[in-house]
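Those protein sequence lines, which keep their order, are chains A and B.
Here the working numbering is used: the first residue of the first sequence is 1, the next is one more, and so on.
Here the working numbering is used: the first residue of the second sequence is 1, the next is one more, and so on.
Number of protein chains: 2
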Amino acid sequence: MPNSATPRKRRKEARPSELLEAALSLFVEKGFAATRLEDVSARAGVSKGTLYLYFENKEALFKAVIQEGIIPVIAENEAIAAKHSGCSFDLLELLLANWWTKIGQTAYAGIPKLMVAESRNFPELASFYYENVISRGRALVGSALRRGMESGEFRGLDVETTVDVVIAPILMLLIWRYSMSCCQGSESDPQMYLRIHMDLLRQGLRKPEKESQV
Amino acid sequence: MPNSATPRKRRKEARPSELLEAALSLFVEKGFAATRLEDVSARAGVSKGTLYLYFENKEALFKAVIQEGIIPVIAENEAIAAKHSGCSFDLLELLLANWWTKIGQTAYAGIPKLMVAESRNFPELASFYYENVISRGRALVGSALRRGMESGEFRGLDVETTVDVVIAPILMLLIWRYSMSCCQGSESDPQMYLRIHMDLLRQGLRKPEKESQV
DNA sequence: TAATTTAATGACCAACGAGTCATTAAATTA
DNA sequence: TAATTTAATGACTCGTTGGTCATTAAATTA
């Protein structure tokens, strides 16, 4: 019955990751509900039936995509922070640089946009992502801020809220790239964006020098 | 044939806005594809057939929701900026305060999240929103920044990129509220968030004083 | 080389949701 | 008050898509 014009090739070991890659790309672009599994399988170069050999259903595929996106960058950054002994702002810059290289320039960069779009449809998955990525990232930035404030490098601000303000432009950079950037006339340079963000932050966080020396 | 358990009431004039309000709420929460018109009409308290009396199809309803979200706040802010003569940072604060009151605390605040989620599925609509809201908002912030830099109030930075950095936390505040905030243990206070953002920005933008007075 | 295993296929099915429309009934008009 | 207009309804249709599975054919085994 199945009578393929293209000769088949069995590649069982490669299929799951090919399907995940195709699914990530399409889920990020269209969202869950508007992504058809026919398109996912076509992009992966297999039939729709093949997709079901590896993933139980559409939702299982979606969950696998998110889970696969939890790669060890957070752990790396946690290790970097644990052994950092210089000034706290340098630590923030190191964390950002590592994240930018390992996430910001890969396909996983689309996941924040996907999570924004789908969090209310999949609250449990959103919680999973929040706990494994956002929460840990916030903790990293928070501890760097706290340290800087304690050492007198940074001025005193509410840490939990400042973390949100610090992280927002970083997340927004990715979210924008996969959403509204399509209708923007000119493309802004991510490196310059991040540089200006950090520059504003460096000065914005700096503890003012004493007006008078007593 | 139609035999309603609930008595009917003709309210033709009120229907469109009721439907739009219901649709906005559900589109923001679930996205376009995962929102059923059965649910929109139920939320508006009418039958699905009634919805089609006022909107040609699902996409027309969606477009109407976005277009209705383009309210005159941008024009107000443009008027505020046109007659502002104080320091540029005060202007930024005025713009933010007006926007926060007129958008940030209304149901329209959900539109940025909706546009993020759907921009790739509806690129023309995304362009429309970009041109009518984002672009104009960027121009406002940009002109305030430029003015501050020219007057010596702010230090020199690339204006177009700085605009993005300034706007990012503001947009992120709204996007987050309608997405990942559901999985956050503690709720961060929007007012404190905006205050810290502006505080960091004020200091971050400040032009350093001359080291020596000649 | 034939038999067996199993990855891959595409035709098919059923459920769902967008869209339709004949009918009803509220409201207005004569 | 009866006739007319028209807003509102819910049953219905149909196309799409997630999911199924009998069949095929690639690869391995004996």
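No residue lacks a Cβ here, since even glycine has one placed at the ideal position from N, Cα and C.
Checklist line | Environment of G137 of chain A [buried if 16+ CB atoms lie within 10 Å] | finding: Here residue 137 of chain A refers to the residue found at position 137 of the first sequence. Answer is buried; the Cβ neighbour count reaches 16.
Check: What are the boundary residues of the alpha helix (DSSP H) that includes G137 of chain A?
Finding: Residue mapping note: residue 137 of chain A aligns to position 137 of the first sequence, counting from 1. Run containing G137 of chain A: 135-150, per the alpha helix (DSSP H) assignment.
Check: Looking at A81 of chain B and the ligand FMN, is the gap between the Cβ and the nearest heavy atom below 8 Å?
Finding: Absent from the structure shown: the ligand FMN. Ligands present: none.
Next item on the list: Report yes or no: is there a C-beta of chain B within less than 9 Å of the C-beta of E211 of chain A?
Entry: In the first sequence, the residue the question calls residue 211 of chain A occupies position 211. Reliability of the predicted coordinates at E211 of chain A is poor, the pLDDT of 49 falling under 50, and no value is obtained from them.
Item checked: DSSP three-state assignment for F128 of chain A, whether helix, strand or coil -> As a working mapping, residue 128 of chain A is identified with position 128 in the first sequence. Looking at F128 of chain A - three-state DSSP - the assignment turns out to be helix.
Checklist line | Residue-chain proximity (N121 of chain A, chain B), Cβ-Cβ < 9 Å | finding: Locating residue 121 of chain A in the first sequence gives position 121, counting from the first residue. Yes, because at least one Cβ of chain B sits closer than 9 Å to the Cβ of N121 of chain A.
Notebook entry, point to check: Mind checking whether N132 of chain A and I175 of chain A have CB atoms under 9 Å apart?
Noted result: Working through the first sequence from its first residue, we reach residue 132 of chain A at position 132. Working through the first sequence from its first residue, we reach residue 175 of chain A at position 175. Not a contact, by the Cβ cut-off of 9 Å.
Margin query: My assumption, with CB atoms under 8 Å, is that C182 of chain A sits in contact with P2 of chain B. Please give the rounded CB distance.
Written below: Taking the first residue of the first sequence as position 1, residue 182 of chain A is located at position 182. Taking the first residue of the second sequence as position 1, residue 2 of chain B is located at position 2. Rounded to whole angstroms, the Cβ separation of C182 of chain A and P2 of chain B is 44 Å, and the two are not in contact under 8 Å.
Item checked: R206 of chain B - partner residues in DSSP beta bridges -> Counting from one through the second sequence, the residue named residue 206 of chain B turns up at place 206. Its beta-bridge partners are B:F154.
Next item on the list: Quick one: grab the DSSP three-state call for F122 of chain A.
Entry: Taking the first sequence and counting its residues from 1, one reaches residue 122 of chain A at position 122. If DSSP states are grouped into helix, strand and coil, F122 of chain A belongs with coil.
Check: Between the beta-carbon of R206 of chain B and the beta-carbon of Q203 of chain A, is there less than 9 Å?
Finding: Residue mapping note: residue 206 of chain B aligns to position 206 of the second sequence, counting from 1. Residue mapping note: residue 203 of chain A aligns to position 203 of the first sequence, counting from 1. In terms of Cβ geometry, R206 of chain B and Q203 of chain A form a close pair [threshold 9 Å].
Margin query: Residues in the same chain with beta-carbon distance under 6 Å from S151 of chain B, minus the five sequence neighbours each way, listed in chain order, please.
Written below: Sequence index remark: in the second sequence, residue 151 of chain B carries index 151 (1-based). Closer than 6 Å at Cβ, skipping near neighbours: no residue.
Notebook entry, point to check: Out of curiosity, what's the CA-to-CA distance linking V46 of chain A and Q191 of chain A?
Noted result: Along the first sequence, read from residue 1 onward, the residue named residue 46 of chain A stands at position 46. Along the first sequence, read from residue 1 onward, the residue named residue 191 of chain A stands at position 191. Cα to Cα, the separation comes out at about 38 Å.
Check: Is D164 of chain B buried or exposed, if buried means 16 or more other CB atoms sit within 10 Å of its CB?
Finding: Counting from 1 along the second sequence, the entry for residue 164 of chain B is found at position 164. So D164 of chain B counts as buried.
Check: For F62 of chain A, which of A:D158, A:S25, A:I80 has the nearest alpha-carbon?
Finding: Reading the first sequence from its first residue, position 62 is the one you call residue 62 of chain A. Taking F62 of chain A as reference, the option from A:D158, A:S25, A:I80 with the minimal CA-CA separation is A:S25.
Margin query: If you measure between the beta carbons of G31 of chain A and G31 of chain B, is that distance less than 9 Å?
Written below: Your numbering for residue 31 of chain A matches position 31 in the first sequence. Your numbering for residue 31 of chain B matches position 31 in the second sequence. Yes. Within cutoff.
Next item on the list: Compute the distance between the beta-carbons of T161 of chain A and S188 of chain B, then report whether it is under 9 Å.
Entry: Residue mapping note: residue 161 of chain A aligns to position 161 of the first sequence, counting from 1. Residue mapping note: residue 188 of chain B aligns to position 188 of the second sequence, counting from 1. Taking 9 Å as the Cβ cut-off, T161 of chain A and S188 of chain B qualify as a contacting pair.
Item checked: Simplified DSSP state of T101 of chain A, which is helix, strand or coil -> Within the first sequence, numbered from 1, the residue matching residue 101 of chain A stands at position 101. DSSP places T101 of chain A in helix when its eight states are reduced to three.
Check: Cβ of V214 of chain A less than 9 Å from any chain B Cβ?
Finding: Along the first sequence, read from residue 1 onward, the residue named residue 214 of chain A stands at position 214. Below a pLDDT of 50, predicted positions are generally treated as unreliable, and V214 of chain A, at 32, falls in that range; no measurement from the model is reported.
Checklist line | Between the CA atoms of P208 of chain B and E59 of chain B - distance to the nearest angstrom | finding: The count along the second sequence starts at 1 and reaches residue 59 of chain B at position 59. The count along the second sequence starts at 1 and reaches residue 208 of chain B at position 208. Inter-residue distance for E59 of chain B and P208 of chain B is about 52 Å (C-alpha atoms, whole angstroms).
Notebook entry, point to check: Which chain B residues are close to A33 of chain A, counting only those with a beta carbon under 7 Å from its beta carbon?
Noted result: In the first sequence, counting from the first residue as 1, residue 33 of chain A sits at position 33. The contacting residues are G31, A33, A34.
Next item on the list: Return the chain-ordered list of same chain residues with a C-beta closer than 6 Å to the C-beta of L92 of chain A, the five sequence neighbours on each side being excluded.
Entry: Residue numbering aside, residue 92 of chain A sits at position 92 when the first sequence is read from its first letter. Only A144 meet the Cβ criterion.
Notebook entry, point to check: Hey, how far is the Cα of I70 of chain A from the Cα of G148 of chain B?
Noted result: Mapped onto the first sequence, residue 70 of chain A falls at position 70. Mapped onto the second sequence, residue 148 of chain B falls at position 148. Distance between the alpha carbons of I70 of chain A and G148 of chain B: 42 Å.
Item checked: Assigned secondary structure, S47 of chain B (DSSP; H/G/I helix, E/B strand, else coil) -> Taking the second sequence and counting its residues from 1, the one referred to as residue 47 of chain B is at position 47. Secondary structure of S47 of chain B (DSSP, three-state): coil.
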